[in-house]
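Shown next, in structure tokens, is the structure this report addresses.
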Amino acid sequence: MHNWYDVIEFSFESAVKVSTTSYTNEAVGICQSGKDADFLRIFVLNTEGHGIGMDSCVLPVYGGQLLLVQTTDFFYPIVDDPYVMGRIACANTLSDIYAMGVTSCDNMLMLLSVSNKMSEKERDVVTPLMMKGFQDAALEAESRVEGGQSVINPWVIIGGVATTVCSPESVIMPFNAKAGDVLVLTKPLGTQVIVNVYHWMQQNLEKYNRVKHVLSPETIRTVYHLAAHSMARLNRGAAVLMHKYGAHGATDVTGFGILGHADNMAKVQKDEVSFIIHTLPVFHGVAVAAEAAGFSRLLKGTSPETSGGLLIALAQEAAMAFCEEIEQSEGQPAWIVGTVEVGDRTARLEQNLKIVEAPESLNINS
Numbered sequence: 025m026h027n028w029y030d031v032i033e034f035s036f037e038s039a040v041k042v043s044t045t046s047y048t049n050e051a052v053g054i055c056q057s058g059k060d061a062d063f064l065r066i067f068v069l070n071t072e073g074h075g076i077g078m079d080s081c082v083l084p085v086y087g088g089q090l091l092l093v094q095t096t097d098f099f100y101p102i103v104d105d106p107y108v109m110g111r112i113a114c115a116n117t118l119s120d121i122y123a124m125g126v127t128s129c130d131n132m133l134m135l136l137s138v139s140n141k142m143s144e145k146e147r148d149v150v151t152p153l154m155m156k157g158f159q160d161a162a163l164e165a166e167s168r169v170e171g172g173q174s175v176i177n178p179w180v181i182i183g184g185v186a187t188t189v190c191s192p193e194s195v196i197m198p199f200n201a202k203a204g205d206v207l208v209l210t211k212p213l214g215t216q217v218i219v220n221v222y223h224w225m226q227q228n229l230e231k232y233n234r235v236k237h238v239l240s241p242e243t244i245r246t247v248y249h250l251a252a253h254s255m256a257r258l259n260r261g262a263a264v265l266m267h268k269y270g271a272h273g274a275t276d277v278t279g280f281g282i283l284g285h286a287d288n289m290a291k292v293q294k295d296e297v298s299f300i301i302h303t304l305p306v307f308h309g310v311a312v313a314a315e316a317a318g319f320s321r322l323l324k325g326t327s328p329e330t331s332g333g334l335l336i337a338l339a340q341e342a343a344m345a346f347c348e349e350i351e352q353s354e355g356q357p358a359w360i361v362g363t364v365e366v367g368d369r370t371a372r373l374e375q376n377l378k379i380v381e382a383p384e385s386l387n388i389n390s
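Position one of the sequence shown corresponds to residue 25 (the working numbering), numbered consecutively onward.
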């Protein structure tokens, strides 16, 4: 693993006084509105295919001997540093194929929109840094960026397309969860909460008054940097371990929140099962900040995440070993957060929901 995080140290701020999040009128980084998501569910579920529960398109090619796996994703910036934002965008795009158990990506395209509100000097600094972050993350994934599209736009937008051709054995379809399985989550929740709190603090907005009595500025900065590292971390290691430990399916946790994505995956299960989430792992201090700020969606499991972890269905006896190995190999914890029970292909939170905090100081050099 590359020790990129300590090298960058958000040094962009000293290069030019502009941030990528300054050039959007949207809430920072939120990718999917409820109305858009509802429309997408209706549109996709009324066509042939597996519906919105699939993270990538999976198409047989060469007479079914191989599979084409492809996905695309893009969004508004969620962090100020353009290099880190590029890494996050690449990691987020790749997560969809990693959720299918695919561990290699043949090629990536980069999608980039540069704000016309930036000065030429700002564009000359921001654009190369975002591109380098994206390319470096692709190289870490042992992929390459060949092609893409860039435009001038009122807003900064970044994302990409990930494509690979692989054998059917390389793909773990998301619909084979069994009653008795458990659900494992590989990254903490709360990215949207801490990012918003950080920007309130940076801009000295009135909303910051809601949370400054529960989180110190130092804690906010620390957790913000931990969240940025988490979002930029590839889910590739988890995809590799999905094969080793016989995963029965997975999804990545992004714009619909952990409950929304669990529900999407539950809908496509072959067996009549339901997913019961009993634990929400969150970044340090995020739960109290969410309560103080009125972010009720976090503890309801519906808060959007950016480049979140994989939610994986595993046999109970394999799950603990999976969590132990991913922590040993990546220096980051994973959690057993739920169970798979006989049911009606839905997901819900357990009534006595447990909130656990991720370590306050993760090993970000992994």
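Note that beta-carbon positions come from the ideal geometry of N, C-alpha and C, so glycine has one too. Only a predicted model underlies this, so the values are computations on that prediction, with no experimental measurement involved.
Inter-segment contact for the region 132 to 149 and the region 288 to 298 is absent: fewer than three beta-carbon pairs are separated by less than 8 Å. About 7 Å separates the CB atoms of residue 251 and residue 219; that is less than 8 Å, so the two are in contact. For residue 372, no alpha helix (DSSP H) run applies; the uninterrupted beta strand (DSSP E) run containing it begins and ends at 371 to 381, by DSSP. For residue 174, the enclosing beta strand (DSSP E) starts and ends at 169 to 177. Cβ contact annotation for residue 345 (same chain, cutoff 7 Å, sequence separation greater than five): 269, in chain order. For residue 226, the three-state secondary structure derived from DSSP is helix. Unbroken alpha helix (DSSP H) stretches of 4 residues or longer found wholly inside the region 250 to 328: 260 to 268, 281 to 291 and 310 to 317, given in chain order. Take the alpha-carbon of residue 179 and the one of residue 137: they are about 7 Å apart.
Of the residues 229, 124, 84 and 117, the one whose Cα lies closest to the Cα of residue 135 is 117. If you keep only unbroken alpha helix (DSSP H) runs of at least 4 residues inside the region 93 to 133, you get 106 to 122. Contact between residue 271 and residue 196 holds, with the beta-carbon distance rounding to 6 Å and staying under 8 Å. With respect to residue 300, residue 230 sits apart: the two C-beta atoms are not nearer than 8 Å.
C-alpha of residue 358 to C-alpha of residue 209: approximately 6 Å in a straight line. Counted as a single uninterrupted DSSP element, the alpha helix (DSSP H) harbouring residue 350 occupies residues 340 to 354.
The beta-carbon separation of residue 308 and residue 382, rounded to 6 Å, stays under the 8 Å limit for a contact.
According to the DSSP assignment, residue 150 belongs to the alpha helix (DSSP H) that extends over 144 to 164. Every beta strand (DSSP E) stretch that sits fully inside the region 182 to 214 and reaches 3 residues is listed by chain position as 206 to 209. Under the three-state reduction of DSSP, residue 363 is assigned to strand. Of 306, 88, 363 and 315, the smallest CA-CA separation from residue 190 is found for 88. If the five residues before and after residue 85 are omitted, its C-beta is found closer than 6 Å to the C-beta atoms of 92, all from its own chain and listed in chain order. The beta carbons of residue 132 and residue 167 sit closer together than 8 Å.
Taking a contact to require three or more Cβ pairs closer than 8 Å, the region 104 to 116 and the region 159 to 175 qualify as touching. Put simply, the backbone Cα of residue 156 is about 27 Å away from that of residue 221. Secondary structure at residue 357: coil, using DSSP grouped into helix, strand and coil. Contact annotation: the region 326 to 346 does not touch the region 233 to 250, with fewer than three C-beta pairs closer than 8 Å. Residue 267 counts as exposed, since fewer than 16 other C-beta atoms from the protein chains shown sit within 10 angstroms of its C-beta. Residue 368 is classed as exposed because its beta carbon has fewer than 16 other beta carbons within 10 Å across all chains shown. Where residue 82 is concerned, the enclosing beta strand (DSSP E) starts and stops at 81 to 85. Secondary structure of residue 180 (DSSP, three-state): coil. Here DSSP, grouped into helix, strand and coil, assigns residue 235 to coil. Setting aside the 5 residues that flank it on each side, residue 212 is surrounded in the same chain by 305, 306, 307 and 382, each with a C-beta closer than 6 Å to its C-beta; the list follows chain order. When rounded, the separation of the alpha-carbon atoms in residue 259 and residue 296 is 28 Å.
Taking the Cα positions, residue 235 is about 11 Å away from residue 217.
Ranked by Cα distance from residue 380, the options 372, 320 and 361 are led by 361.
A Cβ-Cβ separation of about 4 Å places residue 374 in contact with residue 302 under the 8 Å criterion.
Within the same chain, and ignoring the five residues on either side of residue 349 in sequence, the residues whose Cβ sits closer than 7 Å to its Cβ are 265.
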